[in-house]
Amino acid sequence: AGVPIGRVSSIVVDPESFEAMVTMTIEERFNEIPLDSDAGIYTSGLLGEKYIGISNGGAPDYLEEGSEIRLTQSSLVLEKLISQFLFSQKSDE
(Lines of atoms letter the chains of each structure in order from A and count residues from 1; the text may use other names and numbers.)
(Lines give C-alpha, C1' and ligand atoms only; values in the text may rest on other atoms or scores of the structure.)
Protein backbone atom coordinates (compact mmCIF):
# COMPACT_ATOMS: atom_id res chain seq x y z
CA ALA A 1 0.00 0.00 0.00
CA GLY A 2 1.01 3.57 -0.52
CA VAL A 3 0.42 6.68 1.51
CA PRO A 4 -3.12 7.34 2.83
CA ILE A 5 -4.35 10.55 1.14
CA GLY A 6 -8.05 10.57 2.01
CA ARG A 7 -11.18 8.57 2.72
CA VAL A 8 -14.13 7.04 0.94
CA SER A 9 -17.08 9.26 1.84
CA SER A 10 -19.84 7.38 0.00
CA ILE A 11 -20.55 4.40 -2.24
CA VAL A 12 -23.74 4.18 -4.32
CA VAL A 13 -24.80 1.91 -7.18
CA ASP A 14 -26.11 3.51 -10.35
CA PRO A 15 -29.57 1.94 -10.83
CA GLU A 16 -29.26 1.94 -14.63
CA SER A 17 -25.68 0.78 -15.24
CA PHE A 18 -25.22 -1.08 -11.92
CA GLU A 19 -21.78 0.51 -11.65
CA ALA A 20 -20.49 1.59 -8.27
CA MET A 21 -19.99 5.32 -7.84
CA VAL A 22 -17.43 5.99 -5.12
CA THR A 23 -16.96 9.47 -3.69
CA MET A 24 -13.61 10.18 -2.07
CA THR A 25 -12.47 13.05 0.08
CA ILE A 26 -8.80 13.79 -0.63
CA GLU A 27 -6.63 15.78 1.77
CA GLU A 28 -5.85 19.19 0.30
CA ARG A 29 -2.08 18.66 0.37
CA PHE A 30 -2.53 15.71 -2.04
CA ASN A 31 -4.90 17.43 -4.47
CA GLU A 32 -2.58 17.44 -7.49
CA ILE A 33 -3.78 14.21 -9.11
CA PRO A 34 -3.24 14.20 -12.90
CA LEU A 35 -6.38 13.98 -15.08
CA ASP A 36 -5.31 10.66 -16.63
CA SER A 37 -4.75 8.85 -13.32
CA ASP A 38 -6.47 5.54 -12.70
CA ALA A 39 -8.00 4.01 -9.58
CA GLY A 40 -8.42 0.42 -8.46
CA ILE A 41 -9.64 -1.54 -5.49
CA TYR A 42 -6.85 -3.49 -3.80
CA THR A 43 -6.46 -5.67 -0.72
CA SER A 44 -3.83 -5.17 1.93
CA GLY A 45 -2.30 -8.64 2.38
CA LEU A 46 -4.13 -11.94 1.88
CA LEU A 47 -7.04 -11.23 4.20
CA GLY A 48 -6.58 -7.50 4.71
CA GLU A 49 -8.84 -4.54 4.29
CA LYS A 50 -9.70 -3.19 0.87
CA TYR A 51 -8.48 0.21 -0.20
CA ILE A 52 -8.53 2.39 -3.29
CA GLY A 53 -5.18 2.87 -4.95
CA ILE A 54 -4.63 5.76 -7.33
CA SER A 55 -1.88 5.47 -9.93
CA ASN A 56 -0.74 8.87 -11.12
CA GLY A 57 -0.93 9.58 -14.82
CA GLY A 58 1.28 12.05 -16.63
CA ALA A 59 -1.19 14.73 -17.71
CA PRO A 60 -0.16 18.33 -17.01
CA ASP A 61 -3.66 19.19 -15.72
CA TYR A 62 -5.12 17.97 -12.44
CA LEU A 63 -8.47 16.64 -11.29
CA GLU A 64 -10.68 19.30 -9.77
CA GLU A 65 -13.24 18.93 -7.00
CA GLY A 66 -16.14 16.87 -8.34
CA SER A 67 -14.07 15.30 -11.15
CA GLU A 68 -14.39 11.64 -12.09
CA ILE A 69 -11.64 9.08 -12.54
CA ARG A 70 -12.88 7.11 -15.54
CA LEU A 71 -10.01 4.61 -15.70
CA THR A 72 -10.84 2.10 -13.00
CA GLN A 73 -10.05 -1.50 -12.10
CA SER A 74 -12.33 -3.88 -10.22
CA SER A 75 -11.30 -5.67 -7.07
CA LEU A 76 -9.34 -8.84 -7.81
CA VAL A 77 -10.87 -11.68 -5.87
CA LEU A 78 -8.26 -14.03 -4.37
CA GLU A 79 -10.18 -17.15 -5.43
CA LYS A 80 -10.17 -15.94 -9.04
CA LEU A 81 -6.42 -15.35 -8.93
CA ILE A 82 -5.79 -18.83 -7.50
CA SER A 83 -8.09 -20.38 -10.12
CA GLN A 84 -6.24 -18.62 -12.94
CA PHE A 85 -2.89 -19.78 -11.53
CA LEU A 86 -4.01 -23.41 -11.23
CA PHE A 87 -5.54 -23.37 -14.71
CA SER A 88 -2.32 -22.01 -16.21
CA GLN A 89 -0.30 -24.72 -14.42
CA LYS A 90 -2.50 -27.48 -15.92
CA SER A 91 -2.15 -26.09 -19.43
CA ASP A 92 1.66 -26.09 -19.08
CA GLU A 93 1.71 -29.86 -18.42
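Going by this note's numbering, the first residue of the sequence shown is number -17, and it counts up by one from there.
C-beta atoms are modelled at their ideal positions from N, C-alpha and C, and glycine is treated no differently.
A quick note: this is a predicted structure, and the numbers were derived from the prediction, not measured.
I believe residue i touches residue j by the beta-carbon criterion, under 8 Å. Please report the beta-carbon distance rounded to the nearest angstrom.
i	j	result
Glu14	Tyr44	5 Å
Val4	Ile(-7)	5 Å
Should residue i go down as buried or exposed, given a rule of 16 or more other Cβ atoms within 10 Å for buried?
i	result
Ile36	buried
Just verifying my parser: in three-state terms, what is the DSSP assignment at residue i?
i	result
Leu68	helix
Please name the residue or residues paired with residue i in a DSSP beta bridge.
i	result
Val(-10)	Met6
Ser(-1)	Answer is none; Ser(-1) lacks a bridge partner.
Pro16	Tyr44
Ile36	Ala21
Leu53	Asp20
Could you tell me whether the Cβ atoms of residue i and residue j are closer together than 9 Å?
i	j	result
Asp20	Gln66	no
Ile34	Val(-15)	no
Asp77	Leu53	It is not possible to answer for residue 77, since the shown part of the chain is limited to -17 through 75.
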